[in-house]
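Numbering (my numbering), first residue to last: 960 to 1681. Notes follow once the structure below has been shown.
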């Protein structure tokens, strides 16, 4: 029989016989590819003296239905019976030790297998895609089920593991969609990656007592799995191990589990309660994310790390007590837990990370543990039911957007060691009425309390140096502000649109009031600008429509563009002794101002600085003026007199044009230049007096001054060149 000769390499695929019995007297191996692709062969009985079935020996025998493997066979070779698509039953002899890779691969009609008592290893993909295989019984000597051994055996419903099995390798039962229950034997140590992935009928698992590792995606996608008991010696549950087990309701962790990998139970939508064993020290990123029915979590005493988004979108979780050894609540850990009401922060937590409790909309109270130093950005964003926050004494930094839209928060006591309240930290906390700042707060970041529209009174701590841009913008109920003595800078739009603000008390060290700092504070009536302030910036008090009195301190040097523009009720402005620059449109359309006295050496009065101040009656310059800009006092229709008691360098184009009530202009000292149409159409102007002369008067300077009959009077005609 040439197919039994060791020297034969050619497959005998043209033989037309349908039945093959290899006699007991034959003492040979069956060679590689001996009957490969023989489409006539229907049954094979292998005698008692054959010890090896070679690779591909019966591969592709598409009519083969039954095989009896003799008692002497020890090895079934690589793909020996692969693609025998009609093979229904196999009896594996008692002495078979090894079933090589792919030995029965794609035997799609194979229904049952009894693994002999001496088989030690079932190699990679040995029975892969045996789609009709319903049951497998392993002998007690099987030690290893290798990679993909029963991959996609879609009809496999029951598996009985032998006593000595120690390894279930990757993909071993992956895609066995009919498998309903699994009992892991007592000596199994490793359930490897994706071993039972997508076994969608699997309902229960008992993990044996010696399993130490559950691999990545080992049971992922087992959508019918309802309960899992993790054996007492399991130490590691790897990433995605039970992810997508949408029917899983209960998990019991053994006492030796110390690591739960990332996404390990993610998407287990029916899991209701989790109690971690005493030795769990790490819960990986996204470990329980999307467990929408998870109501309670009990952390063991040794948990040290909860990973990023570990409980993200656990929308039924109500109460959490963070264990004593946890130091960091990581990014997004409890983000989106919309039913979470109470959280107790452990005594050793140092950092509450970014978005840790983001959008926990039912959270009512939080006690920040005594060791917490940093609350990072978005930590409690959108916790709209949060009413009380107690800061521990170690908190130093409150991060960007940390408590944005905590709309139920009414009062706030900032801890004694907080130094920085970052941008948007409490923005849109619309019920916040009272804030007490700790003594060490140094910086209030941009928009930190913007739109806290219930806040009424504000006393800033003694160490605050910087109030950044928009810090209290749109705090529409804010009535009074008391600045501490260390405040140096009031940032851009810091208090803009605080429409109820009545009183401001500036500290002794404020140097700059920045752009639009108090813009649209429509109830503000009186302002005293302290002597420490040097600059009032662009639009600082623009549209403060109730403002009546402004006293500007002696050290203010610059009042910038539009600083008091459209302050329609402003009547009295007292300038300090060192104002040097009044910017463009600084008092534009302040129709209630009546009198102005400049006591300092003003260098520049900018373009349209007092344009259309229609109630302004008198302007006196007691000291030198370098430049009065274009249209600086134009359309001041009630202005009656202008007196320059000291030197004037330049009066710009149309500086006093259309001041229709102006009757007299007196220059008691020298004037260099009066520009084009400087006093044009001042129809009531009757006299202009130059005590010491003028260098240049533009020919159109007094055009349209129809009441100026006596002309221009000067005591020094030799100096007049107009």
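C-beta atoms are modelled at their ideal positions from N, C-alpha and C, and glycine is treated no differently.
Cα separation between residue 998 and residue 1248? 53 Å
If you draw a straight line from the alpha carbon of residue 1644 to that of residue 1478, how long is it in whole angstroms? 37 Å
Endpoints, the beta strand (DSSP E) within which residue 1417 is located: Taken as a continuous stretch (DSSP letters only), the beta strand (DSSP E) holding residue 1417 covers 1416 to 1418.
Go to residue 1371, then tell me how far its beta strand (DSSP E) extends in each direction, as first and last residue. 1370 to 1372
Let me know the beta strand (DSSP E) ranges lying completely inside the segment 1577 to 1621, each 3 residues or longer, listed in chain order. 1577 to 1580, 1584 to 1587, 1600 to 1603 and 1607 to 1610
Counted within 10 angstroms of its Cβ, other Cβ atoms place residue 1441 as buried (16 or more) or exposed: Flag for residue 1441 reads exposed.
Find the nearest neighbour of residue 1227 within the set 1187, 1235, 1237 and 1236, judged by alpha-carbon distance. When only C-alpha atoms are compared, the closest one is 1187.
Chain-order list of residues whose beta-carbon lies under 8 Å from that of residue 1129 (same chain, five-residue window excluded): 1106, 1107, 1151, 1152, 1153, 1154 and 1174
Can you give me the C-alpha to C-alpha distance between residue 1374 and residue 1564, rounded to a whole angstrom? 47 Å
What are the partner residues of residue 1485, as DSSP defines its beta bridges? 1508
Quick check on residue 1193: does DSSP put it in helix, strand or coil? DSSP places residue 1193 in coil when its eight states are reduced to three.
Given residue 1508, which residues of its chain have a CB within under 6 Å of its CB, disregarding the five upstream and five downstream residues? 1485 and 1531
What separation, rounded to the nearest whole angstrom, lies between the Cα atoms of residue 1407 and residue 1337? 12 Å
State yes or no: is the C-beta of residue 1183 within less than 8 Å of the C-beta of residue 1206? yes
Alpha-carbon to alpha-carbon, residue 1198 and residue 1189: Distance between the alpha carbons of residue 1189 and residue 1198: 15 Å.
In angstroms, rounded to a whole number, what distance separates the CA positions of residue 1311 and residue 1451? Looking at the two C-alpha atoms, the distance is approximately 30 Å.
Span separating the alpha-carbon of residue 1504 from that of residue 1498: 13 Å
Specify, as a first and last residue, the run of the beta strand (DSSP E) that residue 1440 falls within. 1439 to 1441
In angstroms, rounded to a whole number, what distance separates the CA positions of residue 1270 and residue 1002? 57 Å
Helix, strand or coil at residue 1654 according to DSSP, with G and I counted as helix: strand
Buried versus exposed call for residue 1317 [16 or more other C-beta atoms within 10 Å across all chains shown]: buried
How many angstroms separate the CA atom of residue 1562 from the CA atom of residue 1331? 54 Å
Whether residue 1626 touches residue 1603 by CB criterion (8 Å): In contact: residue 1626 and residue 1603 (Cβ atoms closer than 8 Å).
In DSSP terms, what residue 1626 is bridged to: 1603 and 1649
Do you know how far the Cα of residue 1094 is from the Cα of residue 1012? 24 Å
Other residues of its chain near residue 1363: CB distance less than 6 Å, five sequence neighbours each side excluded: Excluding residues up to 5 positions away in sequence, 1340, 1383, 1386 and 1387 lie with their Cβ nearer than 6 Å to the Cβ of residue 1363 in the same chain.
Member of 1662, 981, 1628 and 1581 whose CA lies at the smallest distance from the CA of residue 1614: 1662
Taking DSSP's pairing of strands, which residues face residue 1011 in a bridge? 1034
Tell me the DSSP bridge mates of residue 1529? In the DSSP secondary-structure assignment, residue 1529 is not bridged to any residue.
What do you reckon, are the CB atoms on residue 1038 and residue 1075 nearer than 8 Å? Judged by their CB atoms, residue 1038 and residue 1075 are not nearer to each other than the 8 Å cut-off.
What I want to know is whether the C-beta of residue 1103 ends up closer than 7 Å to one or more non-hydrogen atoms of the ligand SAH. With respect to the ligand SAH, the structure offers nothing, as it holds no ligand at all.
Can you give me the Cβ contacts of residue 1165 inside the same chain, cut-off strictly under 6 Å, excluding the 5 residues immediately before and after it? 1142 and 1188
Secondary structure of residue 1319, DSSP reduced to three states: Coil at residue 1319, not helix or strand.
Span separating the alpha-carbon of residue 991 from that of residue 1118: 31 Å
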